[in-house]
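Undergrad:
In the working numbering, the protein residues as written are 1068 to 1130.
Structure, rendered in structure tokens:
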């Protein structure tokens, strides 16, 4: 069903490329969600577990 809809609405190479970009974006989000859930529930490391309230940008002198 999804393929038939895609072929009906995305009829040019340009629109098909855009459709593939949208699909890739969706997959990136889903993989990110899976990674976060795996870290939280399988590895017992909640997302952002290394984030602190301390500013880290000034701890190293550049000059």
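Just so you know, even glycine gets a beta-carbon here, dropped at the ideal spot from N, CA and C.
Round the Cβ separation of residue 1086 and residue 1077 to the nearest angstrom and send it over; I've been treating them as touching at under 8 Å.
TA: About 5 Å separates the CB atoms of residue 1086 and residue 1077; that is less than 8 Å, so the two are in contact.
Undergrad: Please go through the same chain and pick out, in chain order, the residues whose beta-carbon is closer than 7 Å to the beta-carbon of residue 1073, but skip the five residues on each side of it.
TA: 1086
Undergrad: For residue 1094 and residue 1103, what's the separation of their Cα atoms in angstroms?
TA: 14 Å
Undergrad: By the DSSP assignment, the alpha helix (DSSP H) with residue 1112 in it spans what residues?
TA: Run containing residue 1112: none; DSSP gives neither H nor E here.
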